[in-house]
Ligand SMILES: NC(=O)c1ccc[n+]([C@@H]2O[C@H](COP(=O)([O-])OP(=O)(O)OC[C@H]3O[C@@H](n4cnc5c(N)ncnc54)[C@H](OP(=O)(O)O)[C@@H]3O)[C@@H](O)[C@H]2O)c1
């Protein structure tokens, strides 16, 4: 039976790039997202299984397990997320809870749901989660998303320890990347130019930049890497070239 990689958020800017790259490499993938039309189109393009569902509904994970059936799961990507940018005074409790649910609780639910199938994968399994540059570098107006992504980083460490050696758990932490999620910022040319200039490598990210590391972490070449959060951020988290 073929090992599968399940991608939550598989139709997104980053998730779809990972899905296409894996499919080109001959890996079987299964995509999960809410919009059935976009799922069906991408599923037909790359020839893979899909499940329509919302990660805020726990029943979604049961349906994905059912749809994937007895196939071992060698890869699990959780590429669902938010960018909630508001000053403290405007952040509501609902914002914090929604960001936590979508970014962190959903990731924990996905790992829990697919753990038995990951434990059946002959060569072990790899989980790739998504943090953000904003979890380690403080930015104004990022309190809610930074908290949620901080929780993802905690999950990487705890599950990395708990599930070793059979399942590796890592996260990619992008800086601003040109996807639908970031459209509020990337549709403004002046803003893109200004933000690009804050990076030692002065541009914003592309889905290909981010998918490259995710695909590497899913593969054999990363077989001794677990419990890591790795930035793909043009140096934004660690380097300052001016001032
Ligand atoms: N883009 C950036 O600048 C950036 C920066 C730092 C971190 N990240 C992280 O990178 C990851 C991928 O982001 P992206 O930029 O690729 O986002 P994106 O283009 O908006 O894609 C999000 C994906 O998740 C699905 N999704 C959203 N809400 C969902 C829900 N409630 N239930 C099920 N599926 C849902 C979307 O499809 P449907 O809408 O059809 O459900 C889509 O497939 C996220 O964790 C994000 O936080 C991104």
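Residue numbers (my numbering): 593 to 835. From the three backbone atoms N, C-alpha and C, an ideal C-beta is built for every residue, glycine too.
Given a cut-off of 7 Å, decide if residue j and residue i are closer than it, judged by their beta-carbon atoms.
i, j, result
"residue 631", "residue 647", "no"
"residue 600", "residue 672", "yes"
"residue 768", "residue 774", "yes"
"residue 687", "residue 676", "yes"
"residue 702", "residue 595", "no"
"residue 644", "residue 628", "yes"
"residue 664", "residue 626", "no"
"residue 831", "residue 718", "no"
Can you give me the C-alpha to C-alpha distance between residue i and residue j, rounded to a whole angstrom?
i, j, result
"residue 634", "residue 603", "7 Å"
"residue 698", "residue 655", "14 Å"
"residue 607", "residue 730", "26 Å"
"residue 725", "residue 709", "31 Å"
"residue 814", "residue 621", "19 Å"
"residue 764", "residue 805", "7 Å"
"residue 735", "residue 727", "9 Å"
"residue 694", "residue 674", "7 Å"
Run the CB neighbour count on residue i, radius 10 Å, all protein chains shown included, and call it buried at 16 or more, exposed below.
i, result
"residue 800", "exposed"
"residue 715", "exposed"
"residue 743", "buried"
"residue 689", "exposed"
"residue 803", "buried"
"residue 741", "buried"
"residue 691", "buried"
"residue 650", "exposed"
"residue 752", "buried"
"residue 681", "exposed"
"residue 833", "exposed"
"residue 921", "Not covered by the structure: residue 921. The range shown for the chain is 593 to 835."
"residue 766", "buried"
Let me know the secondary structure DSSP gives residue i once reduced to three states.
i, result
"residue 674", "coil"
"residue 799", "helix"
"residue 599", "strand"
"residue 625", "strand"
"residue 765", "strand"
"residue 643", "strand"
"residue 612", "helix"
"residue 838", "Residue numbering for the chain in the displayed model covers 593 to 835; residue 838 lies beyond these limits and cannot be assessed."
"residue 790", "coil"
"residue 722", "strand"
Taking the alpha carbon of residue i as the reference point, which residue from the options has its own alpha carbon closest?
i, options, result
"residue 616", "832, 628, 640", "640"
"residue 821", "735, 720, 636", "720"
"residue 678", "702, 738, 629", "738"
"residue 614", "829, 812, 815, 807", "807"
"residue 618", "652, 597, 833", "597"
"residue 828", "816, 792, 809, 658", "792"
"residue 750", "696, 783, 809", "696"
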